[in-house]
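Chains A and B supply the protein sequences, listed in that same order. Position in the first sequence counted from 1, then plus 434, gives you this note's numbering. Position in the second sequence counted from 1, then plus 103, gives you this note's numbering. Idealized CB from N, CA, C, for every residue including glycine. Structure first, commentary second.
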Amino acid sequence: MPTQRPAVLEGACRPAPPELAGSGPLPATADLAALAATARRIRRHAVGMVAIAGMGYLGQATSSAELFAVLYRAVLRHGRDRFVLSPGHYAITHYAAAVEAGLLAQGALATYGVDGTWLESISTERTPLVSATCGALGQGLSVGVGLALAAALAGEDRRTFVFASDGEMEEGQTWEAAMFAAHHGLGGLVLLLDCNGSQVDGPIGTVTTIEPVSAKWRSFGWDVHGVDGHNVGAILAALEAATASVRPSVLVARTVMLEGLGSVGDDRDAHFVTFGPGDVERALADTAPAASAAPAPAAASAAAVAAGAAS
Amino acid sequence: MSGVDLLPFPWTTTTKPYGSALLELARARPDVLALGADLTRQTETDLIRDELPQQFVNVGMAEQNLMGIASGLARTGRCVFVHTFGVFATRRPFEQVAMQVAYPGLDVKIVGFMPGLSSPGGPSHQAVDDVALMRALPNMTVMDVADATEVRQAVALIAEREGPCSLRLKRGEVPVLFGSEHRLAVPDAQWILEPGNVAVIASGMLVATAVRAAHVCDEAGLPVSVLNVPTLKPIDREAVLEAARRSSAIVTAENHSVVGGLGSAVAEVLAEAGAATPLRRVGVQDTYAQASSAPWLFREHGLDVNAVAQAAWTAAGQPGQAPTAADVAVEPGRYAPV
Numbered sequence: 435m436p437t438q439r440p441a442v443l444e445g446a447c448r449p450a451p452p453e454l455a456g457s458g459p460l461p462a463t464a465d466l467a468a469l470a471a472t473a474r475r476i477r478r479h480a481v482g483m484v485a486i487a488g489m490g491y492l493g494q495a496t497s498s499a500e501l502f503a504v505l506y507r508a509v510l511r512h513g514r515d516r517f518v519l520s521p522g523h524y525a526i527t528h529y530a531a532a533v534e535a536g537l538l539a540q541g542a543l544a545t546y547g548v549d550g551t552w553l554e555s556i557s558t559e560r561t562p563l564v565s566a567t568c569g570a571l572g573q574g575l576s577v578g579v580g581l582a583l584a585a586a587l588a589g590e591d592r593r594t595f596v597f598a599s600d601g602e603m604e605e606g607q608t609w610e611a612a613m614f615a616a617h618h619g620l621g622g623l624v625l626l627l628d629c630n631g632s633q634v635d636g637p638i639g640t641v642t643t644i645e646p647v648s649a650k651w652r653s654f655g656w657d658v659h660g661v662d663g664h665n666v667g668a669i670l671a672a673l674e675a676a677t678a679s680v681r682p683s684v685l686v687a688r689t690v691m692l693e694g695l696g697s698v699g700d701d702r703d704a705h706f707v708t709f710g711p712g713d714v715e716r717a718l719a720d721t722a723p724a725a726s727a728a729p730a731p732a733a734a735s736a737a738a739v740a741a742g743a744a745s
Numbered sequence: 104m105s106g107v108d109l110l111p112f113p114w115t116t117t118t119k120p121y122g123s124a125l126l127e128l129a130r131a132r133p134d135v136l137a138l139g140a141d142l143t144r145q146t147e148t149d150l151i152r153d154e155l156p157q158q159f160v161n162v163g164m165a166e167q168n169l170m171g172i173a174s175g176l177a178r179t180g181r182c183v184f185v186h187t188f189g190v191f192a193t194r195r196p197f198e199q200v201a202m203q204v205a206y207p208g209l210d211v212k213i214v215g216f217m218p219g220l221s222s223p224g225g226p227s228h229q230a231v232d233d234v235a236l237m238r239a240l241p242n243m244t245v246m247d248v249a250d251a252t253e254v255r256q257a258v259a260l261i262a263e264r265e266g267p268c269s270l271r272l273k274r275g276e277v278p279v280l281f282g283s284e285h286r287l288a289v290p291d292a293q294w295i296l297e298p299g300n301v302a303v304i305a306s307g308m309l310v311a312t313a314v315r316a317a318h319v320c321d322e323a324g325l326p327v328s329v330l331n332v333p334t335l336k337p338i339d340r341e342a343v344l345e346a347a348r349r350s351s352a353i354v355t356a357e358n359h360s361v362v363g364g365l366g367s368a369v370a371e372v373l374a375e376a377g378a379a380t381p382l383r384r385v386g387v388q389d390t391y392a393q394a395s396s397a398p399w400l401f402r403e404h405g406l407d408v409n410a411v412a413q414a415a416w417t418a419a420g421q422p423g424q425a426p427t428a429a430d431v432a433v434e435p436g437r438y439a440p441v
């Protein structure tokens, strides 16, 4: 028999280093108000993290906040199911959601993107709490297919969730993986597709045509669930249906890049946001807890903002 | 130390040494999975497909997806062998191999058939840069074995060796150069002919060529030793430096570009150690070939017995014309290098 494989490969994900570990996974919740509040806190965490350097992948966090909130708090069985983050640039949302799920200490967010950190701005093999990560776009779905195939071959009750962005549909490998997954009936595989319509050079539609997105996936043999990607109830219902399917499923989640940050505006490069004077304060006001809109700190240090963003 | 058991020329051939060894391994280890990208019979994986279908997956002509799926499977603790022609296992999915296999250091064994100019299919099918590509990746073990005996041993050996590995294999009839006493080990190089004034350091299909070239030179009065290097990364530095110490010149011989392969690896070792031993590199000379028969290509690109003998002869500063090999009539089931 083979020699013992590294334990890190056996589990659903890499554990967080002890100094970054959170309280442990919180009980799942289907309370839609709580999930919406979680998404709001994810945005607030992300504002704090981007504030550390004054620039970063804020638009990705705000477009995917509801998807991560529902997945991490209501659906993903931490320690059993597997999660692949295909666009590593979304690590910012992963870290914020992991804090909200009790998997990562909130103080860890203050280290986002700083030199030598565990919380790298584009995730890597060191990134805690993901089964695989793929900063090079278009690779994640194949890895998810491999994980789902492994579970199917072993007859294990593990689901594989892959998060990808719509821009990755430009990579041919995405369709290689889509074809294989449907052919092999990998029902345990669920793709969350963040259709924010944005890529580095601008709106996707100005670069190439990826529509009709849902029809493409349907024609490849997938169960397709079109949802408003900022509606936690719709996302939850779609994920519940997707996980019950005998076929691979995709949530085609229509989203907006800087959703929830009305004061910061949408006329800048949402793919990589650079904060101007006053932007941090405005963004924190935008993402203040709904019930009691807290005044923005007058001159918050970046690290303090990151560490205390959700408080 | 590894044992050496070089059989006398002319050598016999066998078929499917890899496929049968993989099947034997998979029978004993249910965690072993074989993945293919079409080309099942050509990569000898029809044997495992037919007997252990639950341990075989045909991914189809999608090599990038192939590497990603292999990565996902390996992340759950499985030992995954992936198969296609060498050129498609390395060039097309290079980024996937780098990011999903080599970087995480997973148990994925990349088995590429039809190395170098052994493919008659022209530049699109000739893996002349696969060793260079794989050697550049941290964590990757790179092997190019010489015969069927080594092929069989390599399968069990790389399965036991933790982490990714790239293995080049001759397709079709495979020569049997070594007997049952021969022992392969990573990363050991082996002196299979010695002593000699000139050392030929060879890998893969060019090992048989080097042995024949050594015979030709010996008969003409120039003793030539042959060092078999089945593991190109990590390379056996001590053996290379020993070759430098005991030889007036070194010739490397590989069925691959001289850029980035065995010749480069040996040059790196020699230069870093400050060895001044003259070096000649036999291999594909930084060019693309064409679609033609392997014997014609080996002669045209200087990968034949005479080219190796010529390189050894001139590297040793021998006067006059280098000796040439007599044409050997090759019967079915027999092997003589070009």
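Compare the C-beta of A:ALA585 with all C-beta atoms of chain B and state if any pair is closer than 9 Å. yes
Taking Cβ positions, are B:GLN145 and B:ARG340 nearer each other than 9 Å? no
For B:ALA368, decide whether its Cβ has a neighbour in chain A, counting only Cβ atoms nearer than 9 Å. no
Using 8 Å as the Cβ pair cut-off and three pairs as the minimum, do the stretch 224 to 236 of chain B and the stretch 266 to 282 of chain B touch? yes
Check the Cβ of A:PHE614 against every Cβ in chain B and list those closer than 8 Å, keeping chain order. VAL162, GLY163, ALA165, ASN168, ILE172
Please classify B:TRP416: does DSSP put it in a helix, a strand, or coil? helix
Could you work out which residues of chain A lie near B:GLN199, taking near to mean beta carbons separated by less than 7 Å? GLN573
B:PRO226 at chain A interface by Cβ criterion, 9 Å: no
Count the C-beta pairs between the stretch 555 to 574 of chain A and the stretch 533 to 546 of chain A that are closer than 8 Å, then say yes if the count reaches three, no if not. yes
State yes or no: is the beta carbon of B:ALA177 nearer than 9 Å to at least one beta carbon in chain A? yes
Continuous beta strand (DSSP E) stretch holding B:LEU138: start and end: 135 to 139
Taking Cβ positions only, does B:ARG181 come closer than 9 Å to chain A? yes
A:SER557: contacting residues in chain B (beta-carbon distance under 7 Å): Those do not exist, as A:SER557 stays about 12 Å from chain B at its closest Cβ, beyond 7 Å.
Under a Cβ-count criterion, where at least 16 other Cβ atoms within 10 Å of its own Cβ denotes burial, should A:THR642 be classed as buried or exposed? exposed
Three or more C-beta pairs under 8 Å: does that hold for the stretch 620 to 633 of chain A against the stretch 456 to 466 of chain A? no
Can the beta-carbon of B:ALA249 be found less than 9 Å from the beta-carbon of B:ASN300? no
Leaving out five residues before and five after A:PRO451 in sequence, what residues of the same chain have Cβ atoms less than 7 Å from its Cβ? TRP552, PRO562
Proximity test, Cβ basis, 9 Å: B:MET442 and chain A: No statement about residue 442 of chain B is possible, as the shown extent of chain B runs from 104 to 441 and does not include it.
Counting beta carbon pairs with one atom in the stretch 683 to 697 of chain A and one in the stretch 653 to 663 of chain A, are three or more of them shorter than 8 Å? yes
Could you tell me the alpha carbon to alpha carbon distance between B:ASN358 and A:GLU453, rounded to whole angstroms? 51 Å
Host beta strand (DSSP E) of B:GLY451 (start-end): In the structure as shown, chain B begins at 104 and stops at 441. Residue 451 of chain B is therefore absent and cannot be evaluated.
Is the CB of B:PRO113 under 9 Å away from at least one CB in chain A? no
Apart from the five residues just before and just after A:GLU610, which ones in its own chain have a Cβ nearer than 8 Å to its Cβ? SER576
Work out the CA separation of B:VAL185 and B:ALA257 for me, nearest whole Å. 15 Å
Does DSSP classify B:SER350 as helix, strand or coil? coil
Need the endpoints of the alpha helix (DSSP H) that A:ARG475 sits in, please. 466 to 487
If we count Cβ pairs, one from each stretch, closer than 8 Å, do we get three or more for the stretch 222 to 232 of chain B versus the stretch 296 to 315 of chain B? no
Under 9 Å between the Cβ atoms of A:VAL579 and A:GLY621? no
Rounded straight-line distance, which links the Cα of B:ALA251 to that of B:ALA165: 29 Å
Which whole-angstrom value is the C-beta distance of A:VAL509 and A:THR689, which I expect to be below 8 Å? Going by Cβ atoms, the distance from A:VAL509 to A:THR689 rounds to 18 Å, so no, they are not a contact pair.
Taking 8 Å as the cut-off, does the stretch 200 to 218 of chain B touch the stretch 160 to 179 of chain B (at least 3 CB pairs, one atom from each stretch)? yes
Return yes when the Cβ of B:VAL303 is within less than 9 Å of the Cβ of B:ILE353, no when it is not. yes
Given that a residue counts as buried once 16 or more other Cβ atoms are within 10 Å of its Cβ, and exposed if not, what is B:ALA379? exposed
Does the stretch 410 to 425 of chain B come into contact with the stretch 377 to 392 of chain B, if we say contact requires no fewer than three beta-carbon pairs (one atom in each stretch) closer than 8 Å? yes
Close Cβ partners of A:ALA668 (< 6 Å) along its chain, the five nearest in sequence each way excluded: VAL661, ASP662
Which first and last residues belong to the alpha helix (DSSP H) in which B:PHE401 is found? 397 to 403
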